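Residue numbers (my numbering), protein chains in the order written: chain G, 19 to 119; chain Y, -19 to 204.
Note sheet for the following structure.
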């Protein structure tokens, strides 16, 4: 089920929205870091985790508002399992930006 | 089989469910009938783990389910149809069926039966209320659940679609599923129900002989 879920259009739509949230989060995080004279694109695991939790909370609020958690539930997918791959996406994007940015 | 036993729940100091009991048995359509605000939706939400009750238990095949959740129960064979749209509006019905993969049953048959094939590639957000409901139901049929819960499945449907929904509910039961739905329309209940629970002010009771007795005799026997 998980592989089918990752290949689905619904997961891709969550991935798109989550990537937008990551960009917003990265801008806010970078601006805060720059204001206290820290490198804005550096990878700080603790901060990344906090920002990732915020991004997921916003995405979950959207999902619940549209009752799509019921769709996932009927497919046997809890929100945690359905969205867990996005945590990897967040850390991979942030790490890539820190290395290549 | 699923059951909710001695379910109590208060919200904002107001008692919503009072030692409520309901169950669904395989091969039968069980209906929970009650007026708006009687506690039907809340009881369903407790059964599928979307609300935590103050007391009581949810049981699956007689076994207590600790901290039930929809995903957990769905993996055991539950399908839940709430009283509001729950499909992804930006996807098509075909995308939703694709989520099932080869699935436990052939979804084409379910889509054909409810006429969903006619709008398979339209966005869900562009469907009419009736088309949306039939699509949700077809997805439920395709999942081949062993227990199916529907909260007001006939609400807002035109007569033609009501007949299709009633047929689908009967079909699910004929296939051996335990079907439980909530409604306040007693006439539709008469046509579809094998078993009947009534609910009023959060208290439930099993209604015996509801087919033989005149409507007014049992519908107004609420424990007011």
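We treat Cβ as the ideally placed atom computed from N, Cα and C, and that holds for glycine.
As the structure is a computational prediction, the values presented were derived from the model and not from experiment.
(request) Could you tell me the distance, in whole angstroms, from the CA atom of residue 30 of chain G to the CA atom of residue 103 of chain G? (result) The residue you call residue 30 of chain G lines up with position 12 of the first chain. The residue you call residue 103 of chain G lines up with position 85 of the first chain. For the pair residue 30 of chain G and residue 103 of chain G, the Cα-to-Cα distance works out to about 11 Å.
(message) Quick check on the burial criterion: 16 or more other C-beta atoms within 10 angstroms. Buried or exposed for residue 144 of chain Y?
(response) Counted from its first residue, the second chain places residue 144 of chain Y at position 164. The residue is buried, with at least 16 neighbouring Cβ atoms inside 10 Å.
(request) Within the segment 74 to 111 of chain Y, note down every full alpha helix (DSSP H) run reaching 4 residues or more, in order along the chain. (result) Here the runs fully enclosed are 87 to 93.
(message) Are the CB atoms of residue 26 of chain Y and residue -13 of chain Y within a distance shorter than 7 Å?
(response) Against the second chain, residue -13 of chain Y aligns to sequence position 7. Against the second chain, residue 26 of chain Y aligns to sequence position 46. Yes, Cβ-Cβ distance for residue -13 of chain Y and residue 26 of chain Y is below 7 Å.
(request) Could you spell out where the beta strand (DSSP E) holding residue 3 of chain Y opens and where it closes? (result) As a position in the second chain, residue 3 of chain Y is number 23, starting the count at 1. Element bounds for residue 3 of chain Y: -6 to 4.
(request) Examine the Cβ distances between the segment 66 to 75 of chain Y and the segment 131 to 138 of chain Y and report whether three or more of them are shorter than 8 Å. (result) No, because fewer than three Cβ pairs between the segment 66 to 75 of chain Y and the segment 131 to 138 of chain Y fall closer than 8 Å, the two stretches do not touch.
(request) Give the residues from the segment 77 to 97 of chain G that approach chain Y closer than 9 Å (Cβ to any Cβ), ordered along the chain. (result) Across the segment 77 to 97 of chain G, CB contacts with chain Y closer than 9 Å involve 84, 85, 86, 87, 88, 89, 90, 91, 92, 93, 94, 95, 96 and 97, in sequence order along the chain.
(request) Output the distance between the C-alpha atoms of residue 55 of chain Y and residue 37 of chain Y, rounded to the nearest integer angstrom. (result) Residue 55 of chain Y sits at position 75 when you count from the first residue of the second chain. Residue 37 of chain Y sits at position 57 when you count from the first residue of the second chain. Straight-line Cα distance between these residues: approximately 19 Å.
(request) Could you have a look at residue 164 of chain Y and say whether DSSP puts it in helix, strand or coil? (result) Within the second chain, the letter at position 184 stands for residue 164 of chain Y. Three-state DSSP puts residue 164 of chain Y in coil, outside helix and strand.
(message) Within the continuous alpha helix (DSSP H) that includes residue 145 of chain Y, where are the two ends?
(response) Indexing the second chain from 1 puts residue 145 of chain Y at position 165. Looking at the DSSP string, the run of the alpha helix (DSSP H) that includes residue 145 of chain Y is 139 to 154.
(request) Rounded to whole angstroms, what's the CA-CA distance from residue 62 of chain G to residue 82 of chain G? Just pull it up for me. (result) In the first chain, counting from the first residue as 1, residue 62 of chain G sits at position 44. In the first chain, counting from the first residue as 1, residue 82 of chain G sits at position 64. Their Cα atoms are separated by approximately 30 Å.
(request) List the residues of chain G whose Cβ lies closer than 8 Å to the Cβ of residue 69 of chain Y, in chain order. (result) Taking the second chain and counting its residues from 1, one reaches residue 69 of chain Y at position 89. In chain order: 84.
(request) Give a yes or no on whether the C-beta atoms belonging to residue 109 of chain Y and residue 138 of chain Y are separated by under 7 Å. (result) Counting from one through the second chain, the residue named residue 109 of chain Y turns up at place 129. Counting from one through the second chain, the residue named residue 138 of chain Y turns up at place 158. Going by C-beta atoms, residue 109 of chain Y is not nearer than 7 Å to residue 138 of chain Y.
(request) Taking residue 174 of chain Y as part of the beta strand (DSSP E), name the residues at either end of that continuous run. (result) Taking the second chain and counting its residues from 1, the one referred to as residue 174 of chain Y is at position 194. Membership of residue 174 of chain Y in any beta strand (DSSP E) is not indicated, and neither H nor E is assigned to it by DSSP.
(request) May I ask you to report which of helix, strand or coil DSSP gives residue 14 of chain G? (result) The question about residue 14 of chain G has no answer, for chain G in this structure spans 19 to 119.
(request) Would you list the residues sitting across from residue 43 of chain Y in a DSSP beta bridge? (result) As a first step, residue 43 of chain Y is located in the second chain; it is residue number 63 there, counting from the start. For residue 43 of chain Y, which the question treats as bridged, DSSP gives the partners Y:40.
(request) Please determine if the segment -6 to 14 of chain Y and the segment 140 to 160 of chain Y are in contact, where contact requires at least 3 C-beta pairs separated by less than 8 Å. (result) When Cβ pairs closer than 8 Å are counted between the two stretches, the segment -6 to 14 of chain Y is seen to touch the segment 140 to 160 of chain Y, the count reaching three or more.
(message) Does any residue of chain Y have a CB that is nearer than 7 Å to the CB of residue 53 of chain G?
(response) Your numbering for residue 53 of chain G matches position 35 in the first chain. Not one beta carbon of chain Y lies nearer than 7 Å to the beta carbon of residue 53 of chain G.
(message) Rounded to the nearest angstrom, what separates residue 48 of chain G and residue 24 of chain G at their Cα positions?
(response) On the first chain, residue 48 of chain G is found 30 positions in, with the first residue counted as 1. On the first chain, residue 24 of chain G is found 6 positions in, with the first residue counted as 1. About 30 Å.
(message) Taking DSSP's pairing of strands, which residues face residue 205 of chain Y in a bridge?
(response) Because residue 205 of chain Y is not part of the residues shown, which for chain Y are -19 to 204, the question remains open.
(message) Less than 6 Å between C-beta atoms, sequence neighbours within five positions excluded: which residues of the same chain meet that for residue 204 of chain Y?
(response) The residue given as residue 204 of chain Y occupies position 224 in the second chain. Any reading at residue 204 of chain Y must be qualified, since the residue scores a pLDDT of 36, below 50, and its modelled position is unreliable; the value itself is stated next. The same chain holds no residue with a CB closer than 6 Å to that of residue 204 of chain Y once the five nearest residues on each side in sequence are set aside.
(request) Kindly indicate which three-state DSSP category residue 8 of chain Y falls into: helix, strand or coil? (result) On the second chain, position 28 is the one that residue 8 of chain Y refers to. Here residue 8 of chain Y carries a coil assignment [DSSP, helix/strand/coil].
(message) Going by the DSSP bridge assignment, what does residue 183 of chain Y pair with across the sheet?
(response) On the second chain, position 203 is the one that residue 183 of chain Y refers to. Residue 183 of chain Y pairs with Y:180.
(request) Could you tell me the distance, in whole angstroms, from the CA atom of residue 17 of chain Y to the CA atom of residue 178 of chain Y? (result) Taking the first residue of the second chain as position 1, residue 17 of chain Y is located at position 37. Taking the first residue of the second chain as position 1, residue 178 of chain Y is located at position 198. About 13 Å.
(message) Buried or exposed, going by whether 16 or more other CB atoms sit within 10 Å of the CB of residue 19 of chain G?
(response) On the first chain, position 1 is the one that residue 19 of chain G refers to. Exposed.
(request) Have a look at G:88, G:60, G:101 and G:89 and flag the residue whose alpha-carbon is nearest the alpha-carbon of residue 73 of chain G. (result) The count along the first chain starts at 1 and reaches residue 73 of chain G at position 55. Ranking the options by Cα distance to residue 73 of chain G, first place goes to G:101.
(message) Helix, strand or coil, according to DSSP, for residue 48 of chain G in the structure here?
(response) Counting from 1 along the first chain, the entry for residue 48 of chain G is found at position 30. Of the three classes helix, strand and coil, the one that applies to residue 48 of chain G here is helix, per DSSP.
(request) In angstroms with no decimal places, state the Cα-to-Cα distance between residue 58 of chain G and residue 45 of chain G. (result) The sequence position of residue 58 of chain G within the first chain is 40, counting from 1. The sequence position of residue 45 of chain G within the first chain is 27, counting from 1. Taking C-alpha positions only, residue 58 of chain G is separated from residue 45 of chain G by approximately 9 Å.
(request) Just grab the DSSP bridge partners of residue -17 of chain Y for me. (result) Your numbering for residue -17 of chain Y matches position 3 in the second chain. Partner(s): Y:3 and Y:39.
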